[in-house]
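Q: Counting from 0, one number per residue, gives the positions in the sequence shown under numbering that gives the first Met the number 0. Where a beta carbon is used, it is the ideal one built from N, C-alpha and C, also for glycine.
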Amino acid sequence: MEAVGIIVEYNPFHNGHLHHAQQARKESGADIVIAAMSGQFLQRGEPAFADKWARTEMALDAGIDMVIELPYVYATAQAADFAKGGIALLDAIGCSSFCFGSEQGAIEPFLNSHQLLTEHAVEYQQLIHEAVQTGISYPKALNNAYLSLVGNGTDFADLTQPNNILGFHYLEAAQKLGSSITPLTIQRIGANYHDPIQAGLPIASATGIRDAFFKGDSVEELSAYMPKTSIASLKKVEKEYGTFASWEQFYPLLRFTVLREGPKRLKQYAEVTEGIENLIYQSAKTADSFEAFISLIKSKRFTRTRIQRMLTHIYTGFTWQLLRSFEAPAYIRLLGMSEAGRSYLNLQKKNIKLPVVSRAAELDDPMGKLDIHATAMYLQGIGSTELKKEFTTPPIYRG
0 MEAVGIIVEY
10 NPFHNGHLHH
20 AQQARKESGA
30 DIVIAAMSGQ
40 FLQRGEPAFA
50 DKWARTEMAL
60 DAGIDMVIEL
70 PYVYATAQAA
80 DFAKGGIALL
90 DAIGCSSFCF
100 GSEQGAIEPF
110 LNSHQLLTEH
120 AVEYQQLIHE
130 AVQTGISYPK
140 ALNNAYLSLV
150 GNGTDFADLT
160 QPNNILGFHY
170 LEAAQKLGSS
180 ITPLTIQRIG
190 ANYHDPIQAG
200 LPIASATGIR
210 DAFFKGDSVE
220 ELSAYMPKTS
230 IASLKKVEKE
240 YGTFASWEQF
250 YPLLRFTVLR
260 EGPKRLKQYA
270 EVTEGIENLI
280 YQSAKTADSF
290 EAFISLIKSK
300 RFTRTRIQRM
310 LTHIYTGFTW
320 QLLRSFEAPA
330 YIRLLGMSEA
340 GRSYLNLQKK
350 NIKLPVVSRA
360 AELDDPMGKL
370 DIHATAMYLQ
380 GIGSTELKKE
390 FTTPPIYRG
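(1) Please state if the CB of Ala-173 and the CB of Ile-296 are separated by a distance shorter than 8 Å.
(2) State the beta-bridge partners of Pro-46 as determined by DSSP.
(3) Given 8 Å as the limit, is there contact between the segment 44-56 and the segment 375-382, that is, 3 or more CB pairs closer than that?
(4) With DSSP run on the structure shown, which of helix, strand or coil describes Ile-230?
(5) Rounded to a whole number of angstroms, what is the C-alpha to C-alpha distance between Ile-33 and Met-309?
(6) Measuring straight from C-alpha to C-alpha, what distance separates Trp-246 and Pro-108?
(7) For a quick check, are the C-beta atoms of Pro-394 and Met-366 less than 8 Å apart?
(8) Run through DSSP, which three-state label would Tyr-9 get?
(9) Going by other Cβ atoms of all chains shown within 10 Å of its Cβ, with 16 needed for buried, is Val-121 buried or exposed?
(10) Within 10 Å of its beta-carbon, does Ala-291 have 16 or more other beta-carbons around it, so buried, or fewer, so exposed?
(11) Would you kindly work out how many angstroms separate the C-alpha atoms of Phe-167 and Leu-69, rounded to a whole number?
(12) Can you confirm whether the segment 60-76 touches the segment 158-165 when touching is taken to mean that 3 or more C-beta pairs between the two stretches lie within less than 8 Å?
(13) Quick one: give me the first and last residue of the beta strand (DSSP E) that Ser-178 is part of.
(14) Skipping 5 residues on each side, what residues in its chain have a beta carbon closer than 7 Å to that of Asp-80?
(15) Residues in the same chain with beta-carbon distance under 8 Å from Leu-362, minus the five sequence neighbours each way, listed in chain order, please.
(16) In chain order, what residues of the same chain lie with their CB nearer than 7 Å to the CB of Tyr-137, ignoring the 5 residues before and after it?
(17) Taking Cβ positions, are Tyr-224 and Ala-244 nearer each other than 8 Å?
(18) Please confirm whether Pro-11 and Ser-147 have their CB atoms less than 8 Å apart.
(19) Which one of Arg-24, Ser-179, Arg-303 and Glu-239 has the shortest CA to CA distance from Gly-62?
(20) Any contact of the segment 267-280 with the segment 99-108, i.e. 3+ C-beta pairs under 8 Å?
(21) Do Asp-60 and Arg-341 have their C-beta atoms closer together than 8 Å?
(22) Spell out the partners DSSP gives Gly-335 in its beta bridges.
(23) Thinking C-beta only, is Ala-58 closer than 8 Å to Ile-31?
(24) Between which two residues does the beta strand (DSSP E) containing Phe-97 stretch?
(25) Given this structure, state the Cα-to-Cα distance separating Thr-392 from Asn-143, to the nearest angstrom.
(26) Give the range of the alpha helix (DSSP H) segment to which Gly-411 is assigned.
(27) Between His-113 and the rest of its own chain, which residues show a CB-CB distance below 8 Å, the 5 nearest in sequence each way excluded?
(28) Cβ atoms of Asp-157 and Glu-102: under 8 Å apart, would you say?
(29) Which residue or residues does DSSP assign as beta-bridge partners of Gly-274?
(30) Out of Phe-325, Ser-337 and Lys-387, point me to the one whose CA is closest to Asp-364's CA.
(31) With a cut-off of 8 Å on the beta carbons, I'd call Phe-255 and Thr-184 a contact; round off their distance for me.
Next comes the structure, spelled out in structure tokens:
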């Protein structure tokens, strides 16, 4: 059996994700699709709209064959490390290919861009350094340096687009890992990454779906943009927790943490840098909502996403010291599988490069313990009384 891997968040699982999974299977010719999915906190520095078990259920019910967890340390990291963790897991579990959605829609421009930046690595880093010194944000500096090298070339990936950026880092991660996993991409269709919902367009962005809900739309009113199975899972989440997770809901606990820690201790947390801990602390004193809080902090130099990742680490207690202690995943955490996924594990178990862990109680690894802690903090944030849910929830099975 051959597997194609995809790296996902499913926040929540919508029609665009369904298209991606179906096309990944088709383009790769693989027998099964394996999704490496972020856990309770996400790459944009946000708590997941629905918990990882609900999102696993959505994926399996829509045809994904196996869901494994992308650990917190990678799921909440900047793009290069997010990609590193995902590719390492897909490689370890034996995927022969991986497939990502992109604005580009063809793999050759990514291969060309990767070759260009590999050949001009020293010059590229120097251009980035010079750009950062002008006071612009790091992502902007990366893009400026890249455009300087590309010049008038047309056969390169557009690295101003969010999915293209991630796709490039997937290729880069596979190369650094020395993996033989084959990269594939499909054209992203429908709404763009940050687009609001557009009536009559069946594929909306996850951002648009979440925003519509928090502005008052019911789960049923969003049914045109998600499979019926996703709607059913979200209704279960809503019944269990009363709502869906957001920073606004978590803000009282975050604010308490910021004010308790103070600037000197805030700077110990991952990604907190350049004295921004003072602004975070002062802003928490006056802002009575999360939106008001982050509006006081964000700037051209510190993007909203970068700040939210800092705040995620402050909330969960994830320090620079912890971040620097991790090098690579040491296990594969199984969240769910289909019958085909189970067959794949049975057939490939001798070739899988890392131990497959099905229950939190089996995790004796610092990275795994961090995931357990992150889940407890997530559940606390959404007001759950089931803080041991990480230990009591087995992998979800769909026969």
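A: Taking the coordinates as given:
(1) Translated into positions along the sequence shown, residue 296 becomes position 297. Translated into positions along the sequence shown, residue 173 becomes position 174. No.
(2) Residue numbering aside, residue 46 sits at position 47 when the sequence shown is read from its first letter. Pro-46 pairs with Phe-40.
(3) yes
(4) Position 231 of the sequence shown, counting from 1, holds the residue named residue 230. Three-state result, Ile-230: helix.
(5) On the sequence shown, residue 33 is found 34 positions in, with the first residue counted as 1. On the sequence shown, residue 309 is found 310 positions in, with the first residue counted as 1. The straight-line gap from Cα to Cα measures roughly 30 Å.
(6) Taking the sequence shown and counting its residues from 1, one reaches residue 246 at position 247. Taking the sequence shown and counting its residues from 1, one reaches residue 108 at position 109. Distance between the alpha carbons of Trp-246 and Pro-108 is about 37 Å.
(7) One-based indexing of the sequence shown puts residue 394 at position 395. One-based indexing of the sequence shown puts residue 366 at position 367. Against a cut-off of 8 Å, the Cβ pair of Met-366 and Pro-394 comes out as no contact.
(8) Looking up residue 9 in the sequence shown gives position 10. Of the three classes helix, strand and coil, the one that applies to Tyr-9 here is coil, per DSSP.
(9) Position 122 of the sequence shown, counted from the start, is the residue given in the question as residue 121. When all chains shown are included, Val-121 counts as exposed.
(10) On the sequence shown, residue 291 is found 292 positions in, with the first residue counted as 1. Exposed.
(11) The count along the sequence shown starts at 1 and reaches residue 167 at position 168. The count along the sequence shown starts at 1 and reaches residue 69 at position 70. About 19 Å.
(12) no
(13) By one-based count along the sequence shown, residue 178 stands at place 179. No beta strand (DSSP E) contains Ser-178, which DSSP labels as neither H nor E.
(14) Taking the first residue of the sequence shown as position 1, residue 80 is located at position 81. Once the five neighbours on either side are set aside, the close Cβ partners of Asp-80 are Tyr-73.
(15) Your numbering for residue 362 matches position 363 in the sequence shown. Counting only Cβ-Cβ distances below 8 Å, and skipping sequence neighbours, we find Tyr-330, Arg-332, Val-356, Lys-368, Asp-370 and Ile-371.
(16) For the purposes of this step, residue 137 is taken as residue 138 along the sequence shown, with counting starting at 1. Same-chain partners within the cutoff: Val-131.
(17) The sequence position of residue 224 within the sequence shown is 225, counting from 1. The sequence position of residue 244 within the sequence shown is 245, counting from 1. No, Cβ-Cβ distance for Tyr-224 and Ala-244 is not below 8 Å.
(18) Within the sequence shown, numbered from 1, the residue matching residue 11 stands at position 12. Within the sequence shown, numbered from 1, the residue matching residue 147 stands at position 148. Taking 8 Å as the Cβ cut-off, Pro-11 and Ser-147 do not qualify as a contacting pair.
(19) Here residue 62 is taken as the residue at index 63 of the sequence shown, counted from 1. For Gly-62, the nearest C-alpha among the options comes from Arg-24.
(20) no
(21) Residue mapping note: residue 60 aligns to position 61 of the sequence shown, counting from 1. Residue mapping note: residue 341 aligns to position 342 of the sequence shown, counting from 1. No, the pair does not count as a contact, with Cβ atoms beyond the cut-off.
(22) As a first step, residue 335 is located in the sequence shown; it is residue number 336 there, counting from the start. In the DSSP output, where bridge partners are listed per residue, Gly-335 has Val-66 and Ile-395.
(23) Counting from one through the sequence shown, the residue named residue 31 turns up at place 32. Counting from one through the sequence shown, the residue named residue 58 turns up at place 59. No, these two residues do not count as a Cβ contact at 8 Å.
(24) Residue numbering aside, residue 97 sits at position 98 when the sequence shown is read from its first letter. Note, Phe-97: beta strand (DSSP E), 96-101.
(25) Here residue 392 refers to the residue found at position 393 when the sequence shown is read from its first residue. Here residue 143 refers to the residue found at position 144 when the sequence shown is read from its first residue. So the alpha carbons of these two residues sit roughly 46 Å apart.
(26) With the chain running from 0 to 398 in the structure shown, residue 411 is simply not present.
(27) Reading the sequence shown from its first residue, position 114 is the one you call residue 113. Excluding residues within five positions, the ones whose Cβ falls inside 8 Å are Phe-167, Leu-170, Glu-171 and Gln-174.
(28) Here the question's residue 102 lines up with position 103 in the sequence shown. Here the question's residue 157 lines up with position 158 in the sequence shown. Yes, the Cβ-Cβ distance between Glu-102 and Asp-157 is below 8 Å.
(29) Your numbering for residue 274 matches position 275 in the sequence shown. In DSSP, Gly-274 forms no bridge with anything.
(30) Here residue 364 refers to the residue found at position 365 of the sequence shown. Of the listed residues, the one whose Cα sits closest to Asp-364 is Phe-325.
(31) Here residue 255 corresponds to residue number 256 of the sequence shown, with the count starting at 1. Here residue 184 corresponds to residue number 185 of the sequence shown, with the count starting at 1. Incorrect: roughly 43 Å between the Cβ atoms, too far for contact.
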